[in-house]
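Chemist: Residue numbers (full-length UniProt numbering), protein chains in the order written: chain R, 1 to 561; chain V, 1 to 561.
(1) Does the separation of the CB atoms of residue 214 (chain R) and residue 254 (chain R) fall below 9 Å?
(2) If residue 482 (chain R) and residue 489 (chain R) are in contact, beta carbons under 8 Å, what's the gap, nearest whole angstrom?
(3) Provide the residue(s) that pair with residue 429 (chain R) in DSSP beta bridges, ordered along the chain.
(4) Does any residue of chain R have a CB that is nearer than 9 Å to the CB of residue 496 (chain V)?
(5) Let me know the secondary structure DSSP gives residue 494 (chain R) once reduced to three states.
(6) Leaving aside the five residues before and after residue 53 (chain R) along the sequence, list all residues of the same chain whose C-beta is less than 7 Å from its C-beta, in chain order.
(7) Report yes or no: is there a C-beta of chain V within less than 9 Å of the C-beta of residue 371 (chain R)?
(8) In three-state terms, what does DSSP make of residue 137 (chain V)?
(9) Starting from residue 270 (chain V), trace the beta strand (DSSP E) in both directions and tell me its first and last residue.
(10) If you check the beta carbons only, do residue 492 (chain R) and residue 552 (chain R) fall under 9 Å apart?
(11) Grab me the residues of residue 8 (chain R)'s own chain with a C-beta within less than 6 Å of its C-beta, minus the 5 sequence neighbours each way, in chain order.
(12) In this structure, does DSSP put residue 288 (chain R) in helix, strand or coil?
(13) Beta strand (DSSP E) containing residue 22 (chain R): first to last residue?
(14) Does any residue of chain V have a CB that is nearer than 9 Å to the CB of residue 101 (chain R)?
(15) Just to confirm, are residue 135 (chain V) and residue 89 (chain V) a CB contact at a threshold of 9 Å?
(16) According to a CB-to-CB cut-off of less than 9 Å, which residues of the stretch 220–250 of chain V neighbour chain R?
(17) Tell me which residues share the same chain as residue 56 (chain R) and place their Cβ nearer than 8 Å to its Cβ, disregarding the 5 neighbours each side in the sequence.
(18) Would you mind stating whether residue 458 (chain V) and residue 487 (chain V) have Cβ atoms separated by less than 9 Å?
(19) Going along chain R, which residues have a C-beta under 9 Å from residue 4 (chain V)?
(20) Would you say residue 594 (chain R) faces chain V, with C-beta separation under 9 Å as the test?
(21) Taking 8 Å as the cut-off, does the stretch 14–29 of chain V touch the stretch 386–395 of chain V (at least 3 CB pairs, one atom from each stretch)?
(22) Can you name, in chain order, every residue of its own chain whose Cβ lies under 7 Å from the Cβ of residue 352 (chain V), other than the five neighbours on each side?
(23) State the beta-bridge partners of residue 170 (chain V) as determined by DSSP.
(24) Measuring CB to CB, does residue 141 (chain R) end up less than 9 Å from residue 184 (chain R)?
(25) Mind checking residue 505 (chain V): buried by the 16 CB within 10 Å criterion, or exposed?
(26) Is residue 243 (chain V) near the ligand FAD, judged by its Cβ being under 8 Å from some heavy atom?
(27) Are the CB atoms of residue 404 (chain V) and residue 220 (chain V) within a distance shorter than 9 Å?
(28) Could you tell me if residue 316 (chain R) is buried or exposed, where buried requires 16 or more neighbouring beta carbons within 10 angstroms of its beta carbon?
(29) Between the alpha carbons of residue 514 (chain R) and residue 507 (chain R), how many angstroms are there, rounded?
(30) Tell me whether the stretch 230–245 of chain R and the stretch 323–336 of chain R touch, counting them as touching only if at least three CB pairs, one residue from each stretch, are closer than 8 Å.
(31) Apart from the five residues just before and just after residue 348 (chain R), which ones in its own chain have a Cβ nearer than 8 Å to its Cβ?
(32) What number of angstroms, rounded off, separates the C-alpha of residue 276 (chain R) from the C-alpha of residue 263 (chain R)?
(33) For a contact meaning CB atoms closer than 9 Å, what does residue 85 (chain V) contact in chain R?
(34) Check the Cβ of residue 559 (chain R) against every Cβ in chain V and list those closer than 7 Å, keeping chain order.
(35) So, does the stretch 356–372 of chain R touch the stretch 167–183 of chain R, judging by three or more C-beta pairs under 8 Å?
(36) Please identify the residue among V:282, V:511, V:547 and V:80 whose C-alpha is closest to the C-alpha of residue 103 (chain V).
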């Protein structure tokens, strides 16, 4: 297997008889999946998603793939395939289309429906090509074939890409539930056919590659819900992901079986389920769905609320219920079911919500104490099946942190893929496949692109460092006006502190020291604004460090008069 | 069981024939455990620990129990019992002793040794009383008896408190490993004796009360370590908690069995293990321990590093190794064992370390993929044994978030404790036990006390809110000097932004608007500094909100000339 800790130079120009593969996101991270395939000067893109920020990126709304490599190649793009409708696969499409809005978007009915709703909010009218499993499409020099895969959202696709220089099978996100609610299984017969045709490079979902065994059936959750619904005495509130149509389907069925009405809560939940219902992916038992505003017309034991907020998002309905800040008041005997995963990093927020709900007397069911969630990703056991059915010549694990990519590569190795045909790469690495054999030939620049409010890519790592300093230490602002003829202060120093463990008055002590330091600097002819600001910064910094043992950001402004 | 969501008034004066119980920390949280027992005007304290901050408390070093209730009662304190030496039980002692340094501190040999080392750093010479299991002590009107309990640190004690108004058994933190390394089991015979004497109120550790079954044996980890050591080809690095003497003991034994030397890494690890060795709690196989600076004298396959940093703490040795910023360079074939829990909230930091180590070629073993950690707390099954052996008349779960306290209360209920004798309380609630029957009678003020640098309790919730705004949005500082006679600007506006997704120049557009707004205000006679600053704040705030869709902190300074 390749090693991660190497330095790579710029890649050579692409060989026209090679397929060049570059991931601009999704390697070394769970999210912002985006992979480019380049052949004979044309570029095919698979997925274009967002990554959600961590604590180390305060205030960031979203993180995008780095499109820089495409800057002068926008017209070479022949199409963008969206494997399914999750945000980490479609969320960055609006930002790519801002650069060229007529890139053909290929996807299944449900995927495109969700994508179009998103693009409408961005006022973008896209060019779309609806495809389904079994379909073939030609995009420039790429022949595509779409294969059904099962995932935690309906209508997901894998794509088989055929070129004169080799073939690539890209699974997208998938698992292999053998009894899915909609009967649409991952099409292993089609995987086998592709394998017999010959798969030179197999890109597979690594998310659960370090989880032993097999992902349980979605259907099993239905039985658990049935049982919980049978014993619930008052209201039931279920929280899950807003795109998890089958999870909502099972809630609707359990509700219907127990004579309860379901109201959807949360903007994205309402929007997605309306789309799913219109397109026939969600089958609502007659009379089961009601509008949230009619909930009070029914007794508590006839109500189910199906809500977002399963990750403890502070503004979501569930968090607001937990803190008593929502029109739905939680009380003794209510049953809350978190039918969702617990995404790493969200633990404290989720436990805060659980504690808040329990404090109000609710019975809280979650994956820690009942089988109310199954993952959407193939575990190690399923991936072994895939490798043995496809028998790829080479493998490139995608969609995962380093630990997941390595675990997935190890599974490929165990099924007989030679170590030197297992490509472990990072975002931006350039993998050239010549005569069907992949090799890392260099890397292109590929960083983090932060969306913050209306700005895209303007916030830098340095800004985030500033923010972390401000968060940890606060700041001290010092303003003064100096008579440059003699160094006397005409106004100030005015000192304001925020986020520092002291009130402004504590800083009165330092004011004479500042005046003295400024006067001395002027006498020594260090009297321009920059120099004087440095003097103030140093004087205050030393004092704060020594006396308060803190290192806040120090912001001096010297006005010269 | 009592309900949490009630408002409580100040308590009535204590009845001399009651035992008053007040937790100043440890209820509704995992940490800063501290419980007061008040009888006939005297106060006995059990534990005085710290809580570690979460993301919502940026820059905070520690959180202390709220000592306000003790402000005018310091002289009534007859003693402070420390059940064991973990930070969440002893960490706040220095801060309490700053208020009265001769409070008698009672604890076992190892607990007091760790505490004294800590107090020495704070330059405090304490009054200590060393006790051991079986000992009895009288402190004012309290008769105490100490019982051995097993925990993830040696020499932990429970305390049986007897007064004329009832008895209390407080477990401290504990579990019931039946084959502990030191043979020192939780003394259920003593628990049974206390039960026969009569336990009016039983305070029990709730940390793992929602975990079904039984906590596994510490000893089982030894076998797993043996197996890992047998197959490791290069260096082995084990990370765990710096006070986990038995975990380190097992590492030493596995190392010795495989001809490896062990070097301790991390200041607290070195200090605690020196103490443990001196007092005989750690038994070092002859010739096994070496100093870190001699590691390079041995081949890689004869070395074990025993390190701190198992929670992904960025400054700890392990994190620095993962980012290539430590003298120990990680390479292909190294084995890293995280023999520790994963404390909620630390997931991202720990996975960052794991990914970094794997990226460098290391094989990383952690509780997710091997049995290299067991908890130090009793699971639900063990707590049931306790309740059945003690048969308490009433129960008050301590040491846990709301979800843990409720789960623990439910276990008590299942063993037959009447619901109205299960006290679910919050920090500051006043529980009076009259004739052996506890009842919530009110609450005292009890908040969060933040330690930040050298300041204690000066940082407020408002400061933290400021910090979170600064973290999420950054700030904009605007400085200008105004001629108050006509509203003309004499200097500025100088605009500086930090942590905002734009550079300073973006703000040039707003400068004429500020000048105009200030001039207008002066003409309207709104010309004092506060009014003009408000004008500037509003002008900039509107512009930033509209144009950048951000809400940074806006810090205007107007100098009047």
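All C-beta atoms in this analysis are idealised placements derived from N, C-alpha and C, irrespective of residue type, glycine included. Being a predicted model, the structure only gives us computed values, none of them experimental.
Modeler: In short, the structure shows the following:
(1) Here residue 214 (chain R) corresponds to residue number 214 of the first chain, with the count starting at 1. Here residue 254 (chain R) corresponds to residue number 254 of the first chain, with the count starting at 1. No.
(2) Taking the first chain and counting its residues from 1, the one referred to as residue 482 (chain R) is at position 482. Taking the first chain and counting its residues from 1, the one referred to as residue 489 (chain R) is at position 489. Indeed they touch by this definition, with Cβ atoms about 6 Å apart.
(3) Stepping through the first chain from its first residue, residue 429 (chain R) is reached at position 429. Bridge partners of residue 429 (chain R): R:443.
(4) Locating residue 496 (chain V) in the second chain gives position 496, where the first residue counts as 1. Yes, residue 496 (chain V) lies at the interface with chain R (some Cβ there is under 9 Å from its Cβ).
(5) Your numbering for residue 494 (chain R) matches position 494 in the first chain. Strand.
(6) Locating residue 53 (chain R) in the first chain gives position 53, counting from the first residue. So the qualifying residues of the chain are 60 and 63.
(7) The residue you call residue 371 (chain R) lines up with position 371 of the first chain. No, residue 371 (chain R) does not count as interfacial toward chain V.
(8) In the second chain, the residue the question calls residue 137 (chain V) occupies position 137. Residue 137 (chain V) falls in the strand class under three-state DSSP.
(9) Here residue 270 (chain V) corresponds to residue number 270 of the second chain, with the count starting at 1. Residue 270 (chain V) -> not in any beta strand (DSSP E); alpha helix (DSSP H) instead, spanning 267–278.
(10) Residue 492 (chain R) sits at position 492 when you count from the first residue of the first chain. Residue 552 (chain R) sits at position 552 when you count from the first residue of the first chain. Result no, Cβ atoms of residue 492 (chain R) and residue 552 (chain R) do not sit closer than 9 Å.
(11) The sequence position of residue 8 (chain R) within the first chain is 8, counting from 1. So the list reads 442 and 443, once near-sequence residues are dropped.
(12) Counted from its first residue, the first chain places residue 288 (chain R) at position 288. Correct three-state label for residue 288 (chain R): coil.
(13) Position 22 of the first chain, counted from the start, is the residue given in the question as residue 22 (chain R). Residue 22 (chain R) -> beta strand (DSSP E) spans 18–25.
(14) Translated into the one-based positions of the first chain, residue 101 (chain R) becomes position 101. Cβ-Cβ to chain V under 9 Å: no for residue 101 (chain R).
(15) Position 135 of the second chain holds residue 135 (chain V). Position 89 of the second chain holds residue 89 (chain V). It is not a contact, given that the beta carbons lie outside the stated cut-off.
(16) none
(17) Translated into the one-based positions of the first chain, residue 56 (chain R) becomes position 56. So the qualifying residues of the chain are 464 and 468.
(18) As a position in the second chain, residue 458 (chain V) is number 458, starting the count at 1. As a position in the second chain, residue 487 (chain V) is number 487, starting the count at 1. No, the pair does not count as a contact, with Cβ atoms beyond the cut-off.
(19) Within the second chain, numbered from 1, the residue matching residue 4 (chain V) stands at position 4. Result: 358, 359, 360 and 361.
(20) Because chain R in this structure spans residues 1 to 561, residue 594 (chain R) falls outside the shown range and cannot be described.
(21) no
(22) As a first step, residue 352 (chain V) is located in the second chain; it is residue number 352 there, counting from the start. Excluding sequence neighbours, residue 352 (chain V) sits near 312.
(23) Here residue 170 (chain V) refers to the residue found at position 170 of the second chain. DSSP lists V:159 and V:203 as partners of residue 170 (chain V).
(24) Taking the first chain and counting its residues from 1, the one referred to as residue 141 (chain R) is at position 141. Taking the first chain and counting its residues from 1, the one referred to as residue 184 (chain R) is at position 184. No, Cβ-Cβ distance for residue 141 (chain R) and residue 184 (chain R) is not below 9 Å.
(25) Working through the second chain from its first residue, we reach residue 505 (chain V) at position 505. Counting Cβ neighbours within 10 Å, residue 505 (chain V) comes out exposed, since fewer than 16 surround it.
(26) With respect to the ligand FAD, the structure shown offers nothing to examine, as it has no ligands at all.
(27) Looking up residue 220 (chain V) in the second chain gives position 220. Looking up residue 404 (chain V) in the second chain gives position 404. Against a cut-off of 9 Å, the Cβ pair of residue 404 (chain V) and residue 220 (chain V) comes out as no contact.
(28) For the purposes of this step, residue 316 (chain R) is identified with residue 316 of the first chain, where counting begins at 1. When all chains shown are included, residue 316 (chain R) counts as buried.
(29) As a working note, residue 514 (chain R) is residue 514 in the first chain. As a working note, residue 507 (chain R) is residue 507 in the first chain. If I take the Cα positions, the gap works out to 11 Å.
(30) yes
(31) The residue given as residue 348 (chain R) occupies position 348 in the first chain. Same-chain partners within the cutoff: 312.
(32) As a position in the first chain, residue 276 (chain R) is number 276, starting the count at 1. As a position in the first chain, residue 263 (chain R) is number 263, starting the count at 1. Their Cα atoms are separated by approximately 15 Å.
(33) For the purposes of this step, residue 85 (chain V) is identified with residue 85 of the second chain, where counting begins at 1. The contacting residues do not exist; residue 85 (chain V) stays about 26 Å from chain R at best.
(34) Along the first chain, one-based indexing puts residue 559 (chain R) at 559. In chain order: 479, 481, 491, 492 and 559.
(35) no
(36) Here residue 103 (chain V) refers to the residue found at position 103 of the second chain. Residue V:80 is the option with its Cα nearest to residue 103 (chain V).
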